[in-house]
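J.: Dropping a structure here in structure tokens format, bear with me for questions.
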Amino acid sequence: MTEDLKKMILKAADMLQSYGAKEVFFFGSVVKFDAAVDRPIDLAVSGLPPDVFYQGMGSVLSVIKRPCNLVDLDEINPHVEYLKSHGKLQPDLFSRVRNELGQLNLMLDRYGTLIDTVRRVEPSPVELIALAGVLQLLSSGFEKLCTLITTGYGGNFAKGSLCVAEAFERMAVPDRRRPAVISKVLAEQLKSYTGFRQAFLHPYSYDLNWAKMRMLVLEAEEILLIFEAELNCFMKSNASFG
């Protein structure tokens, strides 16, 4: 796929989501090949309100400026069932980022009562283990978001805590493929969660220390809120960079 075509598809996906779409996918020859100019771009969408479906379609055409097919995944028909059952759909980068953010928010919501409680009372040993699990899931989610952005813009992502910490730093500065994704302040804050995850892997870490975990737990909701805000700002202004 050419860079220009990738930019257009990302911009079209962002536009569909502005109309209310929950997810946008692309499929067909454009996924693997540089489709000829006369070949249509195949997009699929879920959650797009029916009353704005054709308006969204028209807006996509104005962005892509070439033939385009838009499949409504909320309909029940053989074509939709084939796409779903044969794994032909490829979610666009921003849809995957938003989905991951949504999952992290749901996870923190589930533990919201516990987090509020430990603001006032020190957690019991059982609660401490649960909170350690929350931090593990959160740090994994932060790493996945970093992976999506890094690989989505043509970069390489090596696993390991040191590599993740460096990747957060790289996200805070622009490169030739994209502008800066997050602030340098946030990059430093995210590295703290990577540090916890690395420490938690060692056997001696089973003796959890609330004093060391406390700020990570109490600031988790705020850090995720900031991360989400900065990523949303990046995605809204980044369609032209694709």
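Our numbering numbers the first residue of the sequence shown as 4 and each following residue consecutively. Ideal Cβ positions, reconstructed from N, Cα and C, are used throughout, including at glycine.
1) Using a Cβ-Cβ cut-off of 6 Å (strictly less than) and excluding sequence neighbours within five positions of E146, which residues of its own chain qualify?
2) For A202, name the three-state secondary structure that DSSP assigns.
3) Please report how far the alpha carbon of N102 lies from the alpha carbon of L51, in whole angstroms.
4) Which residue or residues does DSSP assign as beta-bridge partners of D45?
5) With a 10 Å radius around its C-beta and 16 neighbouring C-beta atoms as the bar for buried, classify G61 as buried or exposed.
6) Taking the C-alpha atoms as reference points, what is the distance between I12 and Y156?
7) DSSP three-state call for G61: helix, strand or coil?
8) Can you list, in chain order, the residues of its chain whose CB lies under 6 Å from that of M110, leaving out five sequence neighbours each side?
9) Around the C-beta of L9, are 16 or more other C-beta atoms found within 10 angstroms, so that it is buried, or is it exposed?
10) Return yes when the Cβ of S195 is within less than 8 Å of the Cβ of V221, no when it is not.
11) Can you look up K25 in the DSSP assignment and give me helix, strand or coil?
12) So what's D77 in DSSP terms, helix, strand or just coil?
13) Should I79 be labelled buried (16 or more other beta-carbon atoms within 10 Å of its own) or exposed?
14) Considering just the uninterrupted stretch of the alpha helix (DSSP H) at N102, what are its terminal residues?
15) Can you name the start and end residues of the alpha helix (DSSP H) that P128 belongs to?
16) Just reading off the alpha helix (DSSP H) that V220 is part of, what are its end residues?
17) I believe E130 touches L117 by the beta-carbon criterion, under 8 Å. Please report the beta-carbon distance rounded to the nearest angstrom.
18) Is L19 buried or exposed, if buried means 16 or more other CB atoms sit within 10 Å of its CB?
19) Mind reading off the beta-carbon distance from Y22 to Q58? Whole number of angstroms is fine, and I expect it under 8 Å.
T.: According to the structure data:
1) Once the five neighbours on either side are set aside, the close Cβ partners of E146 are V167.
2) If DSSP states are grouped into helix, strand and coil, A202 belongs with the helices.
3) Looking at the two C-alpha atoms, the distance is approximately 16 Å.
4) Looking at the DSSP assignment, D45 forms a beta bridge with F30 and N72.
5) Burial is judged here by how many other beta carbons sit within 10 angstroms of a residue's own beta carbon; G61 has fewer than 16 and is exposed.
6) Rounded to the nearest angstrom, the two C-alpha atoms are 14 Å apart.
7) Three-state DSSP puts G61 in a helix.
8) So the list reads L140, once near-sequence residues are dropped.
9) The residue asked about is misnamed: residue 9 is Lys in this sequence, not Leu. Of the residues assessed, K9 falls on the buried side of the cut-off, its CB having 16 or more other CB atoms within 10 angstroms.
10) Correcting the residue type first, residue 221 is Leu in the shown sequence and not Val. No. Outside cutoff.
11) Here K25 sits in coil by DSSP.
12) Looking at D77 - three-state DSSP - the assignment turns out to be coil, as it is neither helix nor strand.
13) With fewer than 16 Cβ atoms within 10 Å of its Cβ, I79 is classed as exposed.
14) Unbroken alpha helix (DSSP H) run through N102: L96 to R113.
15) Where P128 is concerned, the enclosing alpha helix (DSSP H) stretches over P128 to G155.
16) W213 to L221 is the span of the alpha helix (DSSP H), which, as asked, contains V220.
17) That pair is a contact at about 6 Å.
18) Buried is the call here.
19) That belief holds up - the Cβ atoms of Y22 and Q58 are roughly 7 Å apart, short of 8 Å.
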